[in-house]
Amino acid sequence: MSETSRKPKYSDSKHLPIYRYKAKLIQAVEESTFLVVTGETGSGKTTQLPQYLYEAGFSRNGKIGVTQPRRVAAITVAQRVAQEMDCTLGKEVGYQVRFDDCTCQDTVVKYMTDGCLLREVLADPGLSQYSVIILDEVHERSLNTDILLGLLKNNFSNPSKATKGRSFPLKVVVMSATLETDKLSAFLSCCPVFAIPGRVFPVECTFGSAVKPKDVESTAYVKEVVKVALDVHTSELAGDILVFLTGQSEIERACDLLFEKAESIDYRYDVLDQTVEGLLILPLYGSMPTDQQRRIFQPPPPGIRKCVVATNIAATSLTINGIKYIVDSGFVKQLNHNSRVGMDVLEVVPISKSEAEQRAGRAGRTSSGKCFRIYTKEFWEKCMPEYTVPEIQRTSLTAVILTLKCLGIHDVIRFPYLDRPEERFILEALKQLYQFDAIDRRGRVTKLGELMVEFPLHPGLTRALLKAASVGCEELLLPVAAMLSVENIFIRPGDPDNQKEADKKHRALAAKTGGMNDFATLLSVFQSCKSSDRPSSWCKDNWIHWRALKSAFSVETQLREILLRLQQRKDFPVETFDGNKSELFRRCLCAGYFTNVARSSVGKVFCTMDGHGSMVHIHPSSSLFEQEVDLNWVIFHDVLVTSRIYIRTVCPIRYEWVKDLLPKLHEVDVYELSSVAREEVTDEEMMKWETREAAKRQQEVSTVDVVKKLERRNDETSVSDARARYLQRKQQRQQNKAL
DNA sequence: GAGCACTGC
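Encoded structure:
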């Protein structure tokens, strides 16, 4: 290694585009509370600005905190900055992410995930430890970043107002790519915007002819993507290819097709660049084993062109060097919350224009590149939105609203959102919190709600865990809560032989606990693996995701610590319960899942009791799927919408256990919650409401009646939009096949 | 009778 390349990177930092703006940037931060800094990737803002502020003495009174939406980014950037500042990581420069706090008393520049900072705000709303907060990658619009943005505006936009727990003013810097900076500035009291030029290479984009607007619902794009990738391989100069598709099965199909077709290439005649002698095809998606993922980053052998077929993971989370060509399908899989049917639906949708630019940009990191979009210009104009709908507008807000309420923000509707979620999403969240007893009828956080907010879990799961802890059986629920908050632990391979084998093993695991309760199976898998001598090979033998289970172990430990801390409180609820263990376990689950209750309807069809009355089926992966016994009432963890509406992770219950909880599902209506949310309820109104409620209770809204009413409803009306679209797609595919 | 993108506490 030569002397120059071993020199600390600090000397390079003077050549970064940001360097010549150093003095002006420091001045801009000094002069105002809020500052928006924009610059494309490569401008150096993430690594340099915190150092400039440190040098300028901004850390005299407190830390400089920098947030990132992703763990890896927080860690790697901290490592680099520690190196540039010539100090040990974890001393002056450190990072904090979940399960990994690498900071100390002396840490003055702290990188962290946005979720970590949000947790800190909960403990210390004045952020008294910090002198500067820098929110990075704000254009990505992660849920946590959006909430932090609103909180910072809310708490610190009036500098003269004494902020609780602070003796000196806080500086807030918001960093974003060049999109929508006017909007950000306007949001933050029309603060100044500082633009830094980036250092990126040009990427030439072309449109294709394959996907026209009417093809939105077809999967023809897989074939087209393969065709274009092969064209690039044969008729473009050397350089690696990155293909964007939407999911695992699609990627595997595309890789098979590519492999098949690449075999028939005659490298003497078919390729333009004679230095190219082969094609290395590599799939890339999140649930892939990490050692397999690592292969992606190795440079290909000489003369071989690498072609990576990836999900959106390659758009922001992972950077692959040497990519010169992009093939963009124009689609992405997105989780959307559908409030009409009250569930989350994972669906394939066209990407936004800004996302398409982002994908194209992946080819211009080290030199100029080319991006081949398989869709037409018309598709771009008519089907692709300018920007991606921010997460806050398409996810369930239950946990977020509870956080806000715990921070003393009662008017969650008029909270300053950069992009306001639809009111019905907020009301739905309030309704659920009320059902969980996390807030009372006037929207105030209850004691239970204060306990719930401490857990990094879905509120329902937290509710079940707290119930278990109050009757002294947390040992049963801690592992289950952990298992349900990590990625799916059951491996189901693509090829039929292994699939049979995996299914057999999974059925055997379920049978160990009686084969009647998927939650119990999770508990058993957790315990069996934990007590095994060689846990990783135990997982391999049983077709269980070892990586996922390992993270379940960490989550369980964390939940246990939080619970122990809360149980020290004098007011921690304690209840007694008689009955056997199986009943106790399931009754605790009911406390968190009574919103997810379904009742047997006709045949094997179940009907949900959440007021939407959707007709659902037990997913074949459930141990209850092939049970012949008559099931009457069940609770379930989640819903999957594909050919049918499936409920997964299911457990039979007795009606008596939820009887008293079910009326609560129909107790409040949206109008009433709307006034609660705004805190405009006068005492008079409250009285009227109470009387009305009392009258309702007198009527004894019978749950059986509700069931009957729901059963009379036409099946089709309760089926989600997603299902209708799925059927349409399926029909279209069948037609394509027939042709 | 099986269609799970990606983050994060």
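Residue numbers 1 to 739, in the UniProt record's numbering, belong to the letters of the first sequence in order.
Every residue, glycine too, gets a C-beta built ideally from N, C-alpha and C.
Note that the structure is predicted; figures quoted are calculated from it, not measured.
Same chain, Cβ closer than 8 angstroms to residue i, neighbours up to 5 away in sequence not counted
| i | result |
| --- | --- |
| Lys223 | Leu257 |
| Asp273 | Glu236, Leu237 and Ala238 |
| Ile401 | Val412, Ile426, Ala429, Leu430 and Leu433 |
| Phe604 | This sequence places Lys at residue 604; Phe is not what is there. So the list reads His617 and Ile618, once near-sequence residues are dropped. |
| Cys104 | Gly90, Lys91 and Gly94 |
| Ile147 | Leu118, Ile392, Val400, Thr403 and Leu404 |
Contacts around residue i, its chain only, beta-carbon distance under 6 angstroms, and the 5 residues preceding and following it disregarded
| i | result |
| --- | --- |
| Pro300 | Leu280 and Lys306 |
| Ser368 | Phe201 and Pro202 |
| Phe34 | Val172, Leu188 and Cys191 |
| Trp657 | Arg587 and Cys590 |
| Gly278 | Ile304 |
| Ser551 | Val486 |
| Thr88 | none |
| Leu143 | Glu391 and Ile392 |
| Asn312 | Val332 |
| Asn517 | Cys651 |
Between the CA atoms of residue j and residue i - distance to the nearest angstrom
| i | j | result |
| --- | --- | --- |
| residue 753 | Val226 | What is shown of the chain runs 1 to 739, which leaves residue 753 out entirely. |
| Ala356 | Gln393 | 20 angstroms |
| Lys709 | Met609 | Caution is warranted here: a pLDDT of 37 is assigned to Lys709, below 50, making its placement in the model unreliable, and the coordinate value is therefore given only provisionally. For Lys709 and Met609, the distance between alpha carbons rounds to 11 angstroms. |
| Lys530 | Phe553 | 8 angstroms |
| Pro289 | Ala548 | 10 angstroms |
| His139 | Gly65 | 18 angstroms |
| Glu204 | Glu487 | 38 angstroms |
| Arg70 | Asp101 | 15 angstroms |
| Ile18 | Ile409 | 38 angstroms |
| Val555 | Thr206 | 46 angstroms |
| Gly303 | Glu260 | 20 angstroms |
| Glu474 | Arg560 | 9 angstroms |
| Glu31 | Gln79 | 30 angstroms |
| Phe572 | Phe436 | 16 angstroms |
| Lys505 | Cys371 | 45 angstroms |
| Gly515 | His612 | 29 angstroms |
| Asn498 | Ile491 | 10 angstroms |
| Thr113 | Tyr267 | 48 angstroms |
| Ser329 | Thr376 | 11 angstroms |
| Ala56 | Thr181 | 26 angstroms |
| Val93 | Asn632 | 58 angstroms |
| Arg444 | Pro416 | 19 angstroms |
| Ser59 | Ile320 | 35 angstroms |
| Tyr130 | Ala186 | 24 angstroms |
| Val36 | Ser582 | 56 angstroms |
| Ser396 | Leu179 | 26 angstroms |
| Glu628 | Gln292 | 41 angstroms |
| Thr513 | Ile544 | 17 angstroms |
Nearest-angstrom beta carbon gap, residue j and residue i [assumed within contact, 8 angstroms]
| i | j | result |
| --- | --- | --- |
| Ile265 | Thr234 | 7 angstroms |
| Lys63 | Lys110 | 5 angstroms |
| Ala177 | Glu347 | In fact, because the Cβ distance is near 26 angstroms, the residues do not count as touching under 8 angstroms. |
| Ile134 | Met85 | 16 angstroms between Cβ atoms; not a contact. |
| Leu25 | Thr67 | Not confirmed; about 18 angstroms, so no contact. |
| Ala314 | Arg362 | 7 angstroms |
| Thr466 | Leu484 | Note on residue identity: the sequence assigns Leu, not Thr, to residue 466. With 8 angstroms as the limit, Leu466 and Leu484 do not qualify as a contact, their Cβ atoms being about 15 angstroms apart. |
| residue 771 | Val232 | Limits of the chain in this structure are 1 at one end and 739 at the other, which puts residue 771 out of reach. |
Cβ shell of residue i (< 7 angstroms), same chain only, five flanking positions each side left out
| i | result |
| --- | --- |
| Leu640 | His619, Tyr646 and Arg648 |
| Asp705 | For Asp705, the predicted structure reports a pLDDT of 35, less than 50, and the residue's modelled location is therefore unreliable. The matter cannot be settled from this model. |
| Asp638 | Arg648 and Thr649 |
| Ala598 | Phe606, Cys607, Thr608, Met609, Val616, Val634, Phe636 and Ile647 |
| Asp136 | Thr46, Val66, Thr67, Gln68 and Met175 |
| Tyr52 | Lys22, Leu25 and Ile26 |
| Glu386 | Ser352, Lys353 and Ser354 |
Exercise. If we count Cβ pairs, one from each stretch, closer than 8 angstroms, do we get three or more for the stretch 641-659 versus the stretch 529-546?
Worked result: no
For this session: Specify whether the stretch 146-160 and the stretch 120-133 touch according to this definition: at least 3 beta carbon pairs, one from each stretch, less than 8 angstroms apart.
Result: yes
Exercise. What are the uninterrupted segments assigned as alpha helix (DSSP H) that are 4 or more residues long and contained completely in the stretch 597-679, given in chain order?
Worked result: 655-659 and 670-678
Problem set entry | contact_flag[the stretch 517-536, the stretch 465-484] where n(CB pairs < 8 angstroms) is 3 or more | yes
Exercise. Considering only residues of the stretch 493-577, which uninterrupted alpha helix (DSSP H) runs meet the minimum length of 4 residues and lie entirely inside it, listed in chain order?
Worked result: 496-511, 518-530, 535-541 and 546-567
For this session: Evaluate the contact criterion for the stretch 439-457 versus the stretch 560-575: three or more CB pairs, one atom per stretch, below 8 angstroms.
Result: yes
For this session: Within the stretch 309-377, note down every full beta strand (DSSP E) run reaching 3 residues or more, in order along the chain.
Result: 323-328, 331-338, 343-350 and 369-373
For this session: Mind listing, in chain order, the continuous beta strand (DSSP E) runs of no fewer than 3 residues lying wholly within the stretch 213-284?
Result: 240-244 and 278-284
Exercise. Can you give, in chain order, each stretch of the alpha helix (DSSP H) that sits fully within the stretch 441-467 and has at least 4 residues?
Worked result: 447-452
Exercise. What runs of the alpha helix (DSSP H), each 4 residues or longer, lie entirely inside the stretch 406-447?
Worked result: 423-435
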